[in-house]
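Engineer:
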Amino acid sequence: MQDRIKENILNISPAGLEEIVTGLGDKKFRAKQIFGWLAKGVTDFDMMSNVPASLRNRLSDSYFIGLPEAVREQRSKDGTVKCLFRFADGTEVESVFMQYSYGNSICISSQSGCRMGCRFCASTMDGLDRSLSGGEMLGQVLAMRNLTGEDIGHVVVMGMGEPFDNYEGLSDFIRLIHDENGYGLGLRNITVSTCGLIPVMKRFAEDFPQVNLAVSLHAPNQEMREKTMPVAKKYGYDELMAACREYTDKTGRRVTFEYAVIDGVNDSEECAAELAGRLKGWLTHVNLIPLNKVEGRDFRAAKDSGIHRFRDILDNNGVPVTIRRTLGSDIDAACGQLRRKRQG
Ligand code: SF4
Numbered sequence: 120m121q122d123r124i125k126e127n128i129l130n131i132s133p134a135g136l137e138e139i140v141t142g143l144g145d146k147k148f149r150a151k152q153i154f155g156w157l158a159k160g161v162t163d164f165d166m167m168s169n170v171p172a173s174l175r176n177r178l179s180d181s182y183f184i185g186l187p188e189a190v191r192e193q194r195s196k197d198g199t200v201k202c203l204f205r206f207a208d209g210t211e212v213e214s215v216f217m218q219y220s221y222g223n224s225i226c227i228s229s230q231s232g233c234r235m236g237c238r239f240c241a242s243t244m245d246g247l248d249r250s251l252s253g254g255e256m257l258g259q260v261l262a263m264r265n266l267t268g269e270d271i272g273h274v275v276v277m278g279m280g281e282p283f284d285n286y287e288g289l290s291d292f293i294r295l296i297h298d299e300n301g302y303g304l305g306l307r308n309i310t311v312s313t314c315g316l317i318p319v320m321k322r323f324a325e326d327f328p329q330v331n332l333a334v335s336l337h338a339p340n341q342e343m344r345e346k347t348m349p350v351a352k353k354y355g356y357d358e359l360m361a362a363c364r365e366y367t368d369k370t371g372r373r374v375t376f377e378y379a380v381i382d383g384v385n386d387s388e389e390c391a392a393e394l395a396g397r398l399k400g401w402l403t404h405v406n407l408i409p410l411n412k413v414e415g416r417d418f419r420a421a422k423d424s425g426i427h428r429f430r431d432i433l434d435n436n437g438v439p440v441t442i443r444r445t446l447g448s449d450i451d452a453a454c455g456q457l458r459r460k461r462q463g
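Take the position in the sequence shown, starting the count at 1, then add 119; the result is the number in my numbering.
(1) Between V438 and V384, is the Cβ-Cβ spacing less than 9 Å?
(2) Consult DSSP for G305 and reduce its assignment to one of helix, strand or coil.
(3) Assuming S250 and Q230 make a contact with CB atoms under 8 Å, what is their CB distance in whole Å?
(4) DSSP three-state label for I124, please.
(5) Which of helix, strand or coil does DSSP assign to F204?
(6) Which whole-angstrom value is the C-beta distance of A189 and L266, which I expect to be below 8 Å?
(7) Nearest by alpha-carbon distance to D386: which of H337, K369, E414 and T375 is it?
(8) Where I153 and V276 are concerned, what is the direct C-alpha to C-alpha distance, given to the nearest angstrom?
(9) Which stretch, first to last residue, makes up the beta strand (DSSP E) that contains D248?
(10) Below 8 Å, can you find three or more Cβ-Cβ pairs linking the region 280 to 287 to the region 299 to 319?
(11) If you draw a straight line from the alpha carbon of T243 to that of G280, how long is it in whole angstroms?
(12) Do the CB positions of C363 and C237 come within less than 9 Å of each other?
(13) Compare the Cα-Cα distances from C226 to each of L247, I271, V334 and D417 and report the closest residue.
(14) Who are R430's beta bridge partners in DSSP?
(15) Go to H404, then tell me how far its beta strand (DSSP E) extends in each direction, as first and last residue.
(16) Suppose the cutoff is 7 Å on Cβ atoms and the five residues either side in sequence are ignored; what does the same chain contact list for S214 look like?
(17) Assign D431 to buried or exposed, taking buried as 16 or more other Cβ atoms, counted over all protein chains shown, within 10 Å of its Cβ.
(18) Quick one: which unbroken alpha helix (DSSP H) runs of 4-plus residues sit fully inside the region 282 to 342? Chain order, please.
(19) Just how far apart, CA to CA, sit A379 and L410?
(20) For a minimum of 3 consecutive residues, which ranges assigned as the beta strand (DSSP E) are wholly contained in the region 123 to 201?
(21) Since N111 and T347 are thought to touch, with beta carbons under 8 Å apart, how far apart are those beta carbons, to the nearest angstrom?
(22) Taking the alpha-carbon of I128 as reference, which of P171, N169, G209 and P187 has the nearest alpha-carbon?
(23) Have a look at L407, D326, S173 and N435 and flag the residue whose alpha-carbon is nearest the alpha-carbon of K369.
(24) Should V215 be counted as a contact of ligand 1 given a C-beta to heavy atom distance under 8 Å?
(25) Is T367 near ligand 1, going by C-beta to nearest heavy atom under 8 Å?
(26) Can you tell me whether S252 sits near ligand 1, meaning its C-beta is under 8 Å from at least one heavy atom of the ligand?
(27) Do R416 and A158 have their CB atoms nearer than 9 Å?
(28) In the DSSP assignment, the alpha helix (DSSP H) including N265 goes from what residue to what residue?
(29) What do you reckon, is the C-beta of T375 under 8 Å from a heavy atom of ligand 1?
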């Protein structure tokens, strides 16, 4: 209860910590020490062993370390760990830890719930609860590292929520996790996925040209996209494609298109050929995702043979394409399901 009136210290930048520390009559360099401890995932100010007890006590009078608590956890045979995290105010989000040949990765949430309304997605079924702060996004990475005992070298902002609907939290998070005095994660090891909020995409290309961009496309044309993704009514397909090209021209970096292959909806050979026609010759990559079953939604994953056919058509047209490895298929891997199960 007391924590609610305190501020989450994970939200504070090194410069902000310097101000706080000097304001408390201590030396500037203490800020660097504190920031470093926070990035290690400490859960208590008393764990900051090289920080004087008097400063630790004064900090804990006004701040708390806002690492979320793991309230539900599922572990898959393939090493995937899915966790429902709860913050001090009761807000719950999901994060997923995954092991790949190139290293460990975490998929984090940027909001609790989502207001984008994509029809195949469990995260949006109860609308938006609230956006997360940068420190709360960082807290998911630190808490997952504490939970698994494993290093995490890649972060994907593709969990619950639309990151570009929470640009302030997202940009704070990127700066916090990238800071060399803290976690020090390389910008190229971060991927942000959007459903296509075009004005924010442009801003993101200016602010973070080294961070990877993924766009949830899920359809080869406007008519089909509108049927599953309401955002398409506001930002049309051609406009989105033009914004992606602009992003590539500006940053010299490819855009990854996420395409959940849904049985009888967007998995036909015609769809694949149309998509290939649009993307041929681009600096791009298509990630085909076998859709996870979502309770309460009618959509089903396309059959493996259909997904492979889809991939071959893109491939034969020179469009770089991969099928996302299905991780955690023995747990509730589709985003938003753990939280709904708990509420239900
Ligand atoms: S797919 Fe992403 S943007 Fe769409 S409703 Fe789900 S969380 Fe929101």
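Yeah, the Cβ is synthetic: ideal placement off N, Cα and C, and Gly gets one too. Since the structure is predicted, the reported quantities are computational estimates derived from the model, not experimental observations.
Structural biologist: Working from what's here:
(1) Against a cut-off of 9 Å, the Cβ pair of V384 and V438 comes out as no contact.
(2) Here G305 sits in coil by DSSP.
(3) Here S250 really is in contact with Q230; their C-beta atoms are around 5 Å apart, less than 8 Å.
(4) Three-state DSSP puts I124 in a helix.
(5) Reduced to three states, the DSSP call for F204 is strand.
(6) Their Cβ separation, rounded to whole angstroms, is 6 Å, which keeps A189 and L266 in contact under 8 Å.
(7) When each option's Cα is compared against that of D386, the closest is H337.
(8) In a straight line, the C-alpha of I153 is about 26 Å away from that of V276.
(9) From DSSP, the beta strand (DSSP E) with D248 extends over L247 to S250.
(10) Two segments are said to touch when three or more pairs of C-beta atoms, one from each, lie closer than 8 Å; by this definition the region 280 to 287 touches the region 299 to 319.
(11) Between T243 and G280, the alpha-carbon positions lie close to 8 Å from each other.
(12) Their beta carbons are not under 9 Å apart, which means C363 does not touch C237 by this criterion.
(13) Distances from the CA of C226 to each of L247, I271, V334 and D417 were compared; the closest alpha carbon is that of I271.
(14) None, per the DSSP bridge assignment.
(15) Looking at the DSSP string, the run of the beta strand (DSSP E) that includes H404 is T403 to P409.
(16) If we look at S214 and ignore the five residues flanking it on each side, its Cβ neighbours are C202, F204, I225, C226, I227, S228, Q259, M263 and G278.
(17) By the neighbour-count definition (other C-beta atoms within 10 Å, threshold 16), D431 is an exposed residue.
(18) Those alpha helix (DSSP H) runs which fall completely within the region 282 to 342 and span 4+ residues are 286 to 297 and 317 to 326.
(19) If you draw a straight line from the Cα of A379 to the Cα of L410, it comes to about 5 Å.
(20) Complete beta strand (DSSP E) runs here, min 3: 188 to 194.
(21) Nothing can be reported for residue 111, as the shown portion of the chain is limited to 120 through 463.
(22) Minimum Cα distance to I128 is reached at P187.
(23) Among L407, D326, S173 and N435, the Cα nearest to that of K369 is on D326.
(24) No; taking the cut-off as 8 Å, the Cβ of V215 has no heavy atom of ligand 1 nearer than that.
(25) T367: no, Cβ never under 8 Å from ligand 1.
(26) The answer is no for S252.
(27) Not a contact, by the Cβ cut-off of 9 Å.
(28) For N265, the uninterrupted alpha helix (DSSP H) segment begins and ends at G253 to T267.
(29) Answer for T375: no, Cβ out of range of ligand 1.
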